[in-house]
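*Asks:* Attaching a single structure in structure tokens format; questions to follow.
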Amino acid sequence: MKRLCEWIWFNGRLVPFEEARVHVLAHVIHYGSSVFEGIRAYSTPKGTVVFRLREHLRRLYHSARIYRMSIPYAMEALHEAVLETIRANGFASCYIRPVVFRGYGTMGVNPLNCPVEVSIAAWEWESYLGQEALTEGVDVQVSSWHRMSANSIPYMAKAGGNYLNAQLIKMEALMHGYSEGIALDQEGFLAEGSGENLFLVCDGRLITPSLEAPILPGITRDAVIRLARDMGIEVIETRLPRAALYVADELFFTGTAAEITPIRSVDRIPVGTGTRGPITARLQEAFFRIVHEGEDPYGWLTPV
Ligand code: PPE
516 MKRLCEWIWF NGRLVPFEEA RVHVLAHVIH YGSSVFEGIR AYSTPKGTVV FRLREHLRRL
576 YHSARIYRMS IPYAMEALHE AVLETIRANG FASCYIRPVV FRGYGTMGVN PLNCPVEVSI
636 AAWEWESYLG QEALTEGVDV QVSSWHRMSA NSIPYMAKAG GNYLNAQLIK MEALMHGYSE
696 GIALDQEGFL AEGSGENLFL VCDGRLITPS LEAPILPGIT RDAVIRLARD MGIEVIETRL
756 PRAALYVADE LFFTGTAAEI TPIRSVDRIP VGTGTRGPIT ARLQEAFFRI VHEGEDPYGW
816 LTPV
């Protein structure tokens, strides 16, 4: 087994990679009962910092709440545990994956008699769609798979089970020779990528599906909206038809793993001139200045 890291925080203490195990009869394996986060720590001249740790932890507790999972640790304890995990592994920069799941208790759908367990792992992860994608952009397709409806699987929760839908979107895109798929909602309006939020630039304005759409309320999405507004770029959150993809001047994805990744074509139609657009580049520059230089005008960085 390839070790992604030396130490994993598991149910209250750091254990060696090999010891962070679950039983095959754990509820999560059968019924997808987990909620998780993806967080990044960056190496800066001021030392290693975690990007928006509090916001990620808040979302983790909200996700758990939706599924009636009571996390057996205070948020402060998990905050410290994330930092401890990074330090123990000695990473200067890494991706951090806290997961809260229903372990082995009783069989059957009812999850309430299964223990709620928590693990935090970390590993070194380059940008999600490849380092080159940050400058060159990625080729994507509109997925034939839609996102779930508002009252079936709550997309506001970052739950393991949501990623069955995401896997279908991702595999279809890869099979067709694309890097990623963009999913529509039940009515055919734009939603998001399998693991990223979506932005369009039209006539100098930044447009993104609003939170009514079946999307994860992304923390990078929120950061980009903030950065854009502070640069004087108008930001519109609204419902968008699929065809808007084909006439946008610029398109990009945002996400913790994907950071800010330009999209250079959709369904083989080039986006704008087919290269990274100027507003995308400016937003990347502002974002990377914060996470790579450690400049922190918004209070987004936690020192490790
Ligand atoms: N939508 C989805 C469906 C999603 O999974 C993510 C993050 C986002 C939007 C962006 O959210 P945020 O990270 O808060 O800006 N996807 C995570 C998982 C990727 C994976 O393959 O695992 C991530 O980027 O960490």
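So the sequence shown is numbered by my numbering: it starts at 516 and just counts up by one. Even glycine gets a Cβ: it sits at the ideal position worked out from N, Cα and C. Nothing here was measured: the structure is a model prediction, and the numbers come from that model.
Taking the Cβ atom as the reference point for each residue, do Y546 and P626 lie within a distance shorter than 8 Å?
*Replies:* For Y546 and P626, yes; Cβs fall inside 8 Å.
*Asks:* Our contact map puts G809 next to T559 with C-beta atoms below 8 Å; I'd like the distance itself, whole angstroms only.
*Replies:* 3 Å
*Asks:* Flag this pair as yes or no: are the beta carbons of I697 and L721 separated by less than 8 Å?
*Replies:* no
*Asks:* Which parts of the segment 708-775 are runs of the alpha helix (DSSP H), unbroken and 4 residues or longer, counting only runs that do not cross its ends?
*Replies:* For the segment 708-775, the full-length alpha helix (DSSP H) segments reaching 4 residues or more read 734-745, 759-762 along the chain.
*Asks:* Relative to the alpha-carbon of Q701, which residue among A688, V564, E727, R573 has its alpha-carbon at the smallest distance?
*Replies:* E727
*Asks:* Would the beta-carbon of E711 be found less than 7 Å away from any heavy atom of ligand 1?
*Replies:* yes
*Asks:* Taking only heavy atoms of ligand 1 into account, decide whether any of them is closer than 7 Å to the Cβ of R791.
*Replies:* no
*Asks:* For the alpha helix (DSSP H) containing R612, list its first residue and its last residue.
*Replies:* Segment 609-617 is the beta strand (DSSP E) holding R612; no alpha helix (DSSP H) there.
*Asks:* Could you work out which residue in R573, I684, R555, R736 is closest to V657 when comparing CA atoms only?
*Replies:* I684
*Asks:* Among the candidates V716, W815, V565, R567, whose CA atom is the shortest distance from the CA of I778?
*Replies:* V716
*Asks:* Check whether the Cβ of T600 lies closer than 7 Å to any heavy atom of ligand 1, and answer yes or no.
*Replies:* Because no heavy atom of ligand 1 lies under 7 Å away, the Cβ of T600 does not count as near it: no.
*Asks:* Classify A706 as helix, strand or coil using the three-state DSSP reduction.
*Replies:* strand
*Asks:* Tell me, to the nearest whole angstrom, how far the beta carbon of T776 is from that of L649; I am working on the premise that it is less than 8 Å.
*Replies:* 6 Å
*Asks:* Among K561, H538, I784, whose alpha-carbon lies nearest the alpha-carbon of T621?
*Replies:* H538
*Asks:* Does the beta carbon of E707 fall short of 7 Å from some heavy atom of ligand 1?
*Replies:* yes
*Asks:* Buried or exposed: where does R612 fall if 16 or more other Cβ atoms within 10 Å of its Cβ makes it buried?
*Replies:* buried
*Asks:* Answer yes or no: the CB of L649 versus the heavy atoms of ligand 3, is any distance below 7 Å?
*Replies:* As presented, the structure is devoid of ligand 3, carrying ligand 1 as its sole ligands.
*Asks:* Between the Cα of I601 and those of A535, C520, I794, I751, spot the shortest distance and give me the residue it belongs to.
*Replies:* C520
*Asks:* Go ahead and label V565 buried or exposed: buried means 16 or more other beta carbons lie within 10 angstroms of its beta carbon, across all protein chains shown.
*Replies:* buried
*Asks:* Closest to V781 by CA distance: which of Y588, T817, G652 is it?
*Replies:* G652
*Asks:* In this structure, does DSSP put L529 in helix, strand or coil?
*Replies:* strand
*Asks:* Does DSSP put I601 in a helix, a strand or coil?
*Replies:* helix
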